[in-house]
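Mapping of the sequence shown onto our numbering: residues 1389 to 1597, in sequence order.
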Amino acid sequence: MRLLLLLVLCACTVSTFAGDAGAPSTSGPDYAVLRLDEALRTSKVYLARIDQLKNDKSEVDDHLKQMDMRLQEVNRSLEVLSPTSDKFAQAQEEREVLKVKSELLAKRSRAILDRRHGALLKETYDVLRAQLADFAKERRIRLITLAPNPEIPNGGSNEMLMQLGMQTALYYDPALDITDAFIAFANGRYAAQATPGPVPPAPSAPAGP
């Protein structure tokens, strides 16, 4: 009976070591740091959409520039026109209309572009968090924290205290920084999902009788 128990114990020990040998090995410590700002700005999810946002902003800026040029022309004409003439009154009216339109366009476009940029950042953040979970599981990382800001911007005492209170870490060993590895991982995932699959062959025509 004692011999049987020893044999069972040995078998369990061997299977345990075999299971450990087959498990994926960790590539480092189970905690790491990430430079989130850089990961966001270099994400292909972000870069693929920010260009369109920049183009839309450029179109608005061009339109505002044209309105400003026209406003300068109207101002010059007001300098030479007689204040009692009909053209002077028309130019004054056009100037006021241009000023109002320019201010409204600038204000509305800034608000719209800011909302779109905020939505893009949120979308990118959500995608990166999901990818970061897969990245951490593959490398058996259990905790990922934000890297501290390299420097605190100058400001008033309240602003400085708020910035200091937002720091999640004060120092980390550079070996714990997974930013570059994660960016390559995330962008590789994006490229793989964006690549279309092979086109299936067209069905052959049925044979005739």
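Every residue, glycine too, gets a C-beta built ideally from N, C-alpha and C.
Source: prediction; values computed, not measured.
Just grab the DSSP bridge partners of A1420 for me.
Within the sequence shown, residue 1420 is the residue found at index 32, counting from 1. Answer by DSSP bridge pairing, in chain order: I1532.
Identify whether D1522 lies in helix, strand or coil by the three-state DSSP scheme.
Against the sequence shown, residue 1522 aligns to sequence position 134. Correct three-state label for D1522: helix.
Using C-beta distances below 6 Å, list every residue in its chain close to A1580, excluding the 5 sequence neighbours before and after it, in chain order.
Locating residue 1580 in the sequence shown gives position 192, where the first residue counts as 1. The answer is none, since no qualifying residue turns up.
Return the CA-CA distance between A1582 and Q1519, expressed in angstroms with no decimal places.
As a first step, residue 1582 is located in the sequence shown; it is residue number 194 there, counting from the start. As a first step, residue 1519 is located in the sequence shown; it is residue number 131 there, counting from the start. When rounded, the distance between both Cα atoms is 15 Å.
From Y1434 to R1483, what does the alpha carbon distance come to, in whole angstroms?
Position 46 of the sequence shown, counting from 1, holds the residue named residue 1434. Position 95 of the sequence shown, counting from 1, holds the residue named residue 1483. Going by the C-alpha atoms only, they are around 40 Å apart.
Is the beta carbon of P1538 closer than 7 Å to that of L1558?
The count along the sequence shown starts at 1 and reaches residue 1558 at position 170. The count along the sequence shown starts at 1 and reaches residue 1538 at position 150. Cβ distance not < 7 Å, so L1558 and P1538 don't count as in contact.
Do you know how far the Cα of K1510 is from the Cα of A1524?
If you number the sequence shown from 1, residue 1524 lands on position 136. If you number the sequence shown from 1, residue 1510 lands on position 122. Rounded to whole angstroms, A1524 to K1510 spans 21 Å at the Cα level.
Where does D1444 sit, in a helix, a strand or coil, going by DSSP?
On the sequence shown, position 56 is the one that residue 1444 refers to. It is helical.
Indicate the three-state DSSP secondary structure (helix, strand or coil) for D1561 in the structure shown.
Counted from its first residue, the sequence shown places residue 1561 at position 173. Reduced to three states, the DSSP call for D1561 is coil.
Considering only the beta carbon of each residue, do T1360 and R1423 sit closer than 7 Å?
The first residue shown for the chain is 1389 and the last is 1597, placing residue 1360 beyond what the model contains.
Per DSSP, what kind of secondary structure is I1438 in: helix, strand or coil?
Position 50 of the sequence shown, counted from the start, is the residue given in the question as residue 1438. Residue state, collapsed to three classes: helix.
Do Y1560 and K1432 come within 7 Å of each other at the CB atom, strictly closer than that value?
Taking the sequence shown and counting its residues from 1, one reaches residue 1432 at position 44. Taking the sequence shown and counting its residues from 1, one reaches residue 1560 at position 172. Against a cut-off of 7 Å, the Cβ pair of Y1560 and K1432 comes out as no contact.
If you draw a straight line from the alpha carbon of L1552 to that of I1540, how long is it in whole angstroms?
In the sequence shown, the residue the question calls residue 1552 occupies position 164. In the sequence shown, the residue the question calls residue 1540 occupies position 152. Whole-angstrom Cα-Cα distance: 8 Å.
Using the three-state DSSP reduction, which class does G1543 fall into: helix, strand or coil?
What you label residue 1543 is simply residue 155 of the sequence shown in a count that begins at 1. Here G1543 sits in coil by DSSP.
Rounded to whole angstroms, what's the CA-CA distance from Q1440 to N1542? Just pull it up for me.
For the purposes of this step, residue 1440 is identified with residue 52 of the sequence shown, where counting begins at 1. For the purposes of this step, residue 1542 is identified with residue 154 of the sequence shown, where counting begins at 1. Computed Cα separation, rounded: 33 Å.
I think L1466 touches Q1480, with their Cβ atoms under 8 Å apart; what is that distance to the nearest whole Å?
For the purposes of this step, residue 1466 is taken as the residue at position 78 of the sequence shown. For the purposes of this step, residue 1480 is taken as the residue at position 92 of the sequence shown. The pair is a contact, with the Cβ atoms about 7 Å apart (cut-off 8 Å).
Does DSSP classify M1554 as helix, strand or coil?
Looking up residue 1554 in the sequence shown gives position 166. DSSP places M1554 in coil when its eight states are reduced to three.
Using CA atoms only, rank isn't needed, just tell me which of V1462, V1448 and T1556 is closest to K1495.
Numbered from 1 along the sequence shown, position 107 holds the residue referred to as residue 1495. With distances taken between Cα atoms, K1495 lies closest to V1448.
State the start and end residues of the unbroken alpha helix (DSSP H) segment that holds N1575.
The sequence position of residue 1575 within the sequence shown is 187, counting from 1. Its alpha helix (DSSP H) spans residues T1567 to A1582.
Beta-carbon of R1423 versus every beta-carbon of chain D: anything under 7 Å?
Protein chain content of the structure displayed is limited to a single chain, and chain D is not contained in it.
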